[in-house]
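If you read the sequence shown in numbering that gives the first Met the number 0, its first letter stands for residue 0, the second for the next number, and so on.
Here is the structure we will look at.
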Amino acid sequence: MSSRITEVEVLVTSPDRNFVTLRLTTDDGVTGLGDATLNGRELAVASYLSDHVAPLLVGRDAHNIEDTWQYLYRGAYWRRGPVTMAAIAAVDVALWDIKAKVAGLPLYQLLGGASRAGALAYGHASGRDVPELFDSIRAHLEKGYRAIRVQTAVPGIDAVYGVAAQPTAEGARYDYEPAQRTALPVEEDWDTRAYLRHLPTVFEAVRNEFGPELPLLHDGHHRMTPIQAAKLGKALEPYDLFWLEDCTPAENQDALRLVRQHTTTPLAIGEIFNTVWDYQTLIREQLIDYVRSAVTHTGGISALRKILDYAAQYQIKSGIHGPTDISPVGMAAALHLDLAIHNFGIQEYMPHGERTNEVFRQSFTFDGGLLHPGTEPGLGITYDDDAAAGFAYTPAYLPVNRLKDGTMHDW
Ligand SMILES: [Mg+2]
C-alpha cells in the first residue's frame, strides 16, 4: 500500500494573527494539514517549506512518516533551529493526518488509543490589579476551566507579559496579544526586583480567595537569573503552584540545577526548544517536572512523542504549549498526543477567535475543563480556502524588553 504525495501547498493567512499551514495531497486524493507557524518569523518557515522542502516531497510515499522525518532532518545537514524544526513538524503532522484519514481513525487511535477521557486544560487569567485578576479567574472558572495560569501587572512596570490587553473601543478581541501588527516590535520595560517583591503577594491573595485546591500556574517568561528564580520558587512554595514556567532563559540547561537545589516548586520549560537535545540534561538529571514543547516547534508528533517517552522514564510529564500562535492544526495535533500518552500532565489552552475558526474548521471540544480532539478521521481539522483568502499576511512581532536604564532584557 502506498500513496504518493502529488501536491505540496504552503498556505499563509492572517485571520486574527498570521498562520502558516502546510497541505499535502496524495495521488489517491487524501489531504493532510500541518501547522508551520513561527510567531513573528512566519515567512521564513513558509520559504523553507516552499523553496526547499516541497520539491523533496513530491513523489514520496506519504505513509513513510519516520523515513521522511529522518530524510528532512539529516538530509538538510544543518540541523535543529526553530525554522527547520517548524517546517519538519508541519510535514510530520500532515503525514500523520493523511495516515489516520486513510485508516479511517482519529489520529490518537494510531498513537495507542485514548489513555484518558480528555486533556485537562489551563486557561490564562490576568489582571492589572488584584480585583481585576479575581474577575478574570472567576470568568475562567465559569467557562469550565479547572486550572488557571495567573499573571499580573507589577507596580512600577508599564507593560508586563501575560496581562491581557483590554478589548479595543471597537470591541475587537485581543487575539493577537502579545504580538502586535506593527512594523517594528513594541518596546516594554522590566524590573526583576519589583516583580519578585510583588508576585508572592498576588499568589497569597489568590489562594486566600479561591482556596487550596485550584491548580495555579505562573509563567516567568525567561526573565530571571538562576538565583532570582530560586528565590521566587521558594517564596511561592506556600501557595502550592502546579508549576513555575520558564523561570530562567532556556538556553542554559544547567541553570535549572541551581533553581532545583533551592525549591520544591515544580518547574516547567521548553516552549522555545526544538529537539530532544535541548532536554537531554534537564530530563536525565530530573531538573524539571513538565515538558513545555509545542508539536509545531519540535519537529512534530513523531519527535515530541520521543521526547515525552524519554521524560516518562523520570516521571516528567507533558505540558504542551498552546497559545493562539499555535494554529488549530497544531492544537489538534497536541490534543491527539495528550489523549494517547501515559505521562500527560496538562494542556495550555487559549481559544482562537471567530475569524480563525472560520478558516480552520475544528472537531475538538472543550467540556468540563477537558479538551478532546474529537472522533473525525485524522486530525479533525479542515482548511477553508475561501475564508482564508480574505485575510492577507500582515507583519506582526512579539514585543522586546528593556530594563529601566535601557538595557535589552529577555522578553
Ligand atoms: Mg510560556
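Beta carbons are placed, not taken as given, at the ideal position from N, Cα and C, and that holds for glycine.
The structure displayed is predicted, hence computed values, not measured ones.
Sort the options by Cα distance to residue i and report the nearest one.
| i | options | result |
| --- | --- | --- |
| D385 | V11, S2, M0 | V11 |
| A228 | Y348, V201, R259 | R259 |
| A331 | R59, V294, N342, I315 | V294 |
| R78 | D245, G298, Y392, D96 | G298 |
| Y107 | R40, L338, H197 | L338 |
| G103 | L37, M223, E375 | E375 |
| R222 | V185, F209, I268, L183 | I268 |
| L42 | W95, R148, V9, S301 | V9 |
| R148 | L110, H220, H351, A113 | H220 |
| T67 | W95, R40, P105 | W95 |
| E65 | R192, L213, K305 | K305 |
| L212 | Q69, L140, G112 | One point to set straight first is that residue 212 is Glu, not Leu, in the sequence displayed. The shortest C-alpha separation from E212 is found at L140. |
| G373 | H351, S326, G352, L334 | L334 |
| G80 | E131, M0, S114, D277 | D277 |
| M0 | E284, S114, V101, P105 | V101 |
Are there 16 or more other CB atoms within 10 angstroms of the CB of residue i, so buried, or fewer, so exposed?
| i | result |
| --- | --- |
| G155 | exposed |
| S317 | buried |
| T167 | The predicted model places T167 with a pLDDT of 48, which falls under 50 and marks its position as unreliable; any figure quoted below should be read in that light. Classification for T167: exposed. |
| E250 | exposed |
| L22 | Here residue 22 is Arg; the residue named in the question, Leu, does not match the sequence. With 16 or more other Cβ atoms within 10 Å, it is buried. |
| V57 | exposed |
| R73 | exposed |
| L110 | buried |
| A116 | exposed |
| R59 | buried |
| G329 | buried |
| P54 | exposed |
| P105 | buried |
Does the Cβ-Cβ distance between residue i and residue j come in under 8 Å?
| i | j | result |
| --- | --- | --- |
| P199 | A234 | yes |
| V205 | L215 | yes |
| D288 | D245 | no |
| A93 | G33 | yes |
| Y392 | S13 | yes |
| D157 | D190 | no |
| L303 | L336 | yes |
| L231 | L243 | yes |
| V19 | T36 | yes |
| V275 | Y309 | yes |
| A88 | H296 | yes |
| G379 | S362 | yes |
| E208 | F133 | yes |
| S301 | D91 | yes |
Looking only at its own chain, which residues have a Cβ that is under 6 Å from the Cβ of residue i, when we skip the five neighbours before and after it?
| i | result |
| --- | --- |
| A413 | Here the chain comprises residues numbered 0 to 410, so residue 413 is not present and cannot be evaluated. |
| T364 | H371 |
| G170 | Because the pLDDT of G170 is 46, which lies under 50, any placement of that residue in the model is unreliable, and the question is left without a value. |
| P225 | T247, A254, L257, V258 |
| Y47 | V82, A86 |
| I271 | A249 |
| W410 | P398, V399, N400 |
| A388 | none |
| R180 | T393, A395 |
| H197 | V153 |
Excluding the five sequence neighbours on either side, which residues of its own chain have a C-beta within less than 8 Å of the C-beta of residue i, listed in chain order?
| i | result |
| --- | --- |
| D253 | T280 |
| Y238 | P199, F202, E203, V205, R206, L215 |
| Q150 | H123, A124, S125, V159, Y160, G161, V162, H217, D218 |
| A182 | P394 |
| M407 | V399, N400, R401 |
| R40 | P81, V82 |
Tell me which residues share the same chain as residue i and place their Cβ nearer than 7 Å to its Cβ, disregarding the 5 neighbours each side in the sequence.
| i | result |
| --- | --- |
| S135 | A124, S125, G126 |
| L307 | V290, S317, I340, N342 |
| T263 | E236 |
| T420 | Within the shown structure, residues of the chain are numbered from 0 to 410, placing residue 420 beyond reach of any answer. |
| D383 | E357, V358, R360 |
| M84 | N273, T274, H296, T297, G298 |
| I282 | Y309, A310, Y313, I315 |
| D404 | none |
| A138 | none |
How many whole angstroms separate the CB atoms of residue i and residue j, which I take to be in contact at a CB cut-off of 8 Å?
| i | j | result |
| --- | --- | --- |
| R354 | T381 | With 8 Å as the limit, R354 and T381 do not qualify as a contact, their Cβ atoms being about 16 Å apart. |
| G377 | A118 | Rounded, the Cβ-Cβ distance is 18 Å, inconsistent with contact. |
| L397 | N38 | 6 Å |
| G143 | G367 | 6 Å |
| V44 | L71 | Not a contact, Cβ separation roughly 13 Å. |
| D128 | A152 | 7 Å |
Strictly under 8 Å for the Cβ-Cβ distance: is residue i near chain C by that measure?
| i | result |
| --- | --- |
| R59 | In the structure shown, chain C does not exist; there is a single protein chain. |
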